[in-house]
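Residue numbers (the numbering used here): 165 to 458. We put the CB at the ideal spot given by N, CA and C, even for glycine.
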């Protein structure tokens with residue numbers, strides 16, 4: 165499952181970003197297995213911008229589980245409320261998160277029902293902690309050892325058993341390594357490893373079909389203009405020495421990859437609780453790339 169190892173990093177990013185806000189990142193962490201429909205064979209999650217359907221009738225548990233996790237990660241990445249929550253009152257943020265969480269329930273019910281025995285306990289752990297975080301607003305829950313251990317086990321199961329195309333990208337200070345020129349459309353396991361000394365992210369955006377500018381040019385536009393030319397597709401954070409995975413259903417097209425974490429975001433700086441004021445890695449250090457999904 166998609167897991168951000170430290171939501172604090174997101175909160176300390178500068179506003180110059182094409183990706184959703186910290187509130188959405190908190191929602192995306194391990195939201196798995198919260199449903200209670202034991203008969204679910206088909207699940208549909210609908211928001212204002214997207215409809216995601218996962219059919220599991222006739223599928224074995226592993227296949228159904230894998231497909232449902234992809235549907236959840238993709239729905240969170242592409243349809244969660246984002247920039248409109250910046251600066252909103254806490255009660256408005258919480259209401260938006262609760263509304264979006266409700267749209268995920270049909271998908272979550274499938275994940276709960278079809279979780280294979282090997283990860284059923286970890287799935288229940290992620291569900292319990294996720295509900296606790298959403299209820300209390302305490303996103304530090306996602307940084308606990310209990311949560312990260314369960315999340316890692318589910319990721320490992322997915323990578324070993326789902327059979328998805330795996331795209332492995334490594335971050336250093338300040339560049340992406342091993343970004344492929346092309347990736348097949350459809351379900352993809354995106355694994356991100358941080359070999360740098362600062363915290364890094366891999367933010368993936370799909371460039372709109374009618375946009376001719378290179379991704380490098382889009383990054384130089386005012387934020388509002390840039391956002392109108394792309395759609396958010398996924399995001400993975402990692403502390404130095406850490407790997408993380410997310411599972412996405414990618415549509416064919418041209419994509420940009422960028423790190424919007426501020427320069428100076430070392431683990432020590434993040435742990436101190438002080439705001440990191442540096443410019444984003446993508447803007448100040450050229451930490452971006454472009455690829456094609458075909």
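Q. So does the stretch 359 to 374 actually touch the stretch 430 to 448, counting three or more Cβ pairs closer than 8 Å?
A. yes
Q: Give the range of the beta strand (DSSP E) segment to which residue 279 is assigned.
A: Counted from its first residue, the chain shown places residue 279 at position 115. It is not in any beta strand (DSSP E) - residue 279 carries neither H nor E in the DSSP assignment.
**Q.** Candidates 227, 229, 226, 241, of which the one nearest residue 413 by Cα
**A.** Position 249 of the chain shown holds residue 413. Per the Cα distances, 241.
Q | Whole-angstrom C-beta distance between residue 365 and residue 400, which should lie under 8 Å | A | Working through the chain shown from its first residue, we reach residue 400 at position 236. Working through the chain shown from its first residue, we reach residue 365 at position 201. With 8 Å as the limit, residue 400 and residue 365 qualify as a contact, their Cβ atoms being about 7 Å apart.
Q) Leaving out five residues before and five after residue 342 in sequence, what residues of the same chain have Cβ atoms less than 8 Å from its Cβ? A) Counting from 1 along the chain shown, the entry for residue 342 is found at position 178. Hits under 8 Å: 332, 333, 334.
Q. Three-state secondary structure (DSSP) at residue 388?
A. Taking the chain shown and counting its residues from 1, the one referred to as residue 388 is at position 224. Here residue 388 sits in helix by DSSP.
Q. For residue 166, which of helix, strand or coil comes out of DSSP?
A. Here residue 166 refers to the residue found at position 2 when the chain shown is read from its first residue. Note that residue 166 scores 44 on pLDDT, short of 50, meaning its location in the model is unreliable; the coordinates nonetheless yield the value given after this. In this structure, residue 166 counts as coil in the three-state DSSP scheme.
**Q.** Closest by C-alpha distance to residue 226, when choosing among 297, 321, 303
**A.** By 1-based counting over the chain shown, the position of residue 226 is 62. Among 297, 321, 303, the Cα nearest to that of residue 226 belongs to 321.
Q: With a floor of 3 residues, list each beta strand (DSSP E) that falls wholly inside the stretch 290 to 363, ordered by position along the chain.
A: 329 to 336, 339 to 341, 350 to 358
Q. Just reading off the beta strand (DSSP E) that residue 250 is part of, what are its end residues?
A. The residue you call residue 250 lines up with position 86 of the chain shown. Where residue 250 is concerned, there is no enclosing beta strand (DSSP E), given that its DSSP letter is neither H nor E.
**Q.** Coil, strand or helix - residue 440 by DSSP
**A.** Taking the first residue of the chain shown as 1, we reach residue 440 at position 276. It is coil, neither helix nor strand.
Q | Reference residue 265, options 236, 422, 347, 346, closest by Cα | A | Position 101 of the chain shown, counted from the first residue, corresponds to residue 265. Considering only alpha carbons, the answer is 236.
Q.
Here's a check: name, in chain order, each residue in its chain whose Cβ is nearer than 7 Å to the Cβ of residue 349, leaving out the five neighbours to either side.
A. Residue 349 sits at position 185 when you count from the first residue of the chain shown. So the qualifying residues of the chain are 414, 415, 416, 457, 458.
Q.
Going by DSSP, what residue range makes up the alpha helix (DSSP H) through residue 237?
A. Sequence index remark: in the chain shown, residue 237 carries index 73 (1-based). 225 to 243 is the span of the alpha helix (DSSP H), which, as asked, contains residue 237.
Q: Taking only the alpha-carbon atoms, compute the straight-line gap between residue 317 and residue 293 and give it to the nearest angstrom.
A: As a first step, residue 317 is located in the chain shown; it is residue number 153 there, counting from the start. As a first step, residue 293 is located in the chain shown; it is residue number 129 there, counting from the start. Approximately 15 Å between the Cα atoms of the pair.
(Q) Suppose you measure from the CA of residue 379 to the CA of residue 386; what does that come to, to the nearest Å? (A) Residue numbering aside, residue 379 sits at position 215 when the chain shown is read from its first letter. Residue numbering aside, residue 386 sits at position 222 when the chain shown is read from its first letter. In a straight line, the C-alpha of residue 379 is about 13 Å away from that of residue 386.
Q.
Buried or exposed, going by whether 16 or more other CB atoms sit within 10 Å of the CB of residue 276?
A. Within the chain shown, the letter at position 112 stands for residue 276. That one is buried.
Q: Answer with buried or exposed for residue 397, where buried requires no fewer than 16 other C-beta atoms within 10 angstroms of its C-beta.
A: Position 233 of the chain shown, counted from the first residue, corresponds to residue 397. Flag for residue 397 reads buried.
Q. Just to confirm, are residue 421 and residue 453 a CB contact at a threshold of 8 Å?
A. In the chain shown, counting from the first residue as 1, residue 421 sits at position 257. In the chain shown, counting from the first residue as 1, residue 453 sits at position 289. Going by C-beta atoms, residue 421 is nearer than 8 Å to residue 453.
Q: State the DSSP-derived secondary structure class of residue 418, mapped to helix, strand or coil.
A: Stepping through the chain shown from its first residue, residue 418 is reached at position 254. In this structure, residue 418 counts as strand in the three-state DSSP scheme.
Q. Under three-state DSSP, which class holds residue 404?
A. Counting from 1 along the chain shown, the entry for residue 404 is found at position 240. Three-state result, residue 404: coil.
Q. Should residue 303 go down as buried or exposed, given a rule of 16 or more other Cβ atoms within 10 Å for buried?
A. Position 139 of the chain shown, counted from the first residue, corresponds to residue 303. Residue 303 is buried by the Cβ-count criterion.
Q | Neighbourhood of residue 455 by C-beta, 7 Å cutoff - its chain only, sequence neighbours within 5 removed | A | Numbered from its first residue, the chain shown carries residue 455 at position 291. Once the five neighbours on either side are set aside, the close Cβ partners of residue 455 are 343, 344, 345, 346, 347, 419, 421.
Q. Skipping 5 residues on each side, what residues in its chain have a beta carbon closer than 6 Å to that of residue 372?
A. As a position in the chain shown, residue 372 is number 208, starting the count at 1. Counting only Cβ-Cβ distances below 6 Å, and skipping sequence neighbours, we find 393.
Q: Give the C-beta separation of residue 289 and residue 314 to the nearest angstrom, bearing in mind that I take them to be a contact with Cβ-Cβ under 8 Å.
A: Residue mapping note: residue 289 aligns to position 125 of the chain shown, counting from 1. Residue mapping note: residue 314 aligns to position 150 of the chain shown, counting from 1. Indeed they touch by this definition, with Cβ atoms about 4 Å apart.
Q: May I have the straight-line CA-CA distance separating residue 257 from residue 249, to the nearest angstrom?
A: Position 93 of the chain shown holds residue 257. Position 85 of the chain shown holds residue 249. Between residue 257 and residue 249, the C-alpha separation is close to 6 Å.
**Q.** Simplified DSSP assignment, three categories, for residue 394
**A.** For the purposes of this step, residue 394 is taken as the residue at position 230 of the chain shown. Three-state result, residue 394: strand.
Q: Taking residue 452 as part of the beta strand (DSSP E), name the residues at either end of that continuous run.
A: For the purposes of this step, residue 452 is taken as the residue at position 288 of the chain shown. That run of the beta strand (DSSP E) goes 452 to 457.
Q) By the 10 Å Cβ neighbour count, where 16 or more other Cβ atoms means buried, how is residue 410 classified, buried or exposed? A) Here residue 410 refers to the residue found at position 246 of the chain shown. Buried, because 16 or more other Cβ atoms sit within 10 Å of the Cβ of residue 410.
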